[in-house]
Amino acid sequence: MAQTAERLVALAPALAAASDRKALEEVSSRLGEGRTVFSGQLQELREAGSAHGRFEAILTASRALLDNLAALDGVSADRITLAERRAALLPRIVEAGTQVQRVASTLVPSLIRTPGESMSG
């Protein structure tokens with residue numbers, strides 16, 4: 000059970016480092032498999048009664064571990080979603096900047112007058 004917990008904890012950096020949806024899905028899948036194994040081992044420990052009165056502490060720590068990994072998985076998915084949205088918006092932002100420059104380049108010469116030039120033209 001301790002080795003399974005270690006393997007689950009070892010997935011945390013991979014979740015945080017996932018740079019795209021495919022990488023995250025691969026790590027999330029491994030996390031799901033590990034959670035299933037770990038939960039089964041926890042159930043076996045409960046049924047065996049071999050935790051000598053420490054089962055509640057083990058259960059509390061196990062739930063915290065699984066909850067934290069689930070939260071990290073969720074925020075990693077959110078981070079990737081935001082990165083995808085940003086990447087999709089970037090070309091539109093660049094195009095808008097180009098259009099602003101075009102408009103500004105036509106307006107600026109008409110606003111800048113040489114000394115002595117009349118406002119009428």
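0 is the number that numbering that gives the first Met the number 0 gives to position 1 of the sequence shown; each next residue is one higher, with no gaps.
A virtual CB, placed ideally from N, CA and C, is assigned to each residue, including glycine.
N-terminal and C-terminal residue of the alpha helix (DSSP H) that residue i is part of
i	result
G33	R20 to A47
A17	Here A17 belongs to no alpha helix (DSSP H), and DSSP marks it neither H nor E.
Proximity below 9 Å, CB of residue i to CB of residue j
i	j	result
L68	R45	no
L14	S75	yes
L65	F37	yes
S61	A4	yes
Neighbourhood of residue i by C-beta, 7 Å cutoff - its chain only, sequence neighbours within 5 removed
i	result
A27	According to the sequence displayed, residue 27 carries Ser and not Ala. Once the five neighbours on either side are set aside, the close Cβ partners of S27 are D72.
A86	none
E94	none
Same chain, Cβ closer than 6 Å to residue i, five either side skipped, listed in chain order
i	result
T97	none
I111	none
Cβ neighbours of residue i in the same chain (closer than 8 Å, five flanking residues each side left out)
i	result
A103	none
> Should the stretch 7 to 25 be regarded as contacting the stretch 71 to 83, the criterion being three or more beta carbon pairs within less than 8 Å?
Replying inline: yes
>> I'd like to know if the stretch 55 to 63 and the stretch 36 to 45 are in contact, where contact means that at least 3 CB-CB pairs between them fall below 8 Å.
In response: yes
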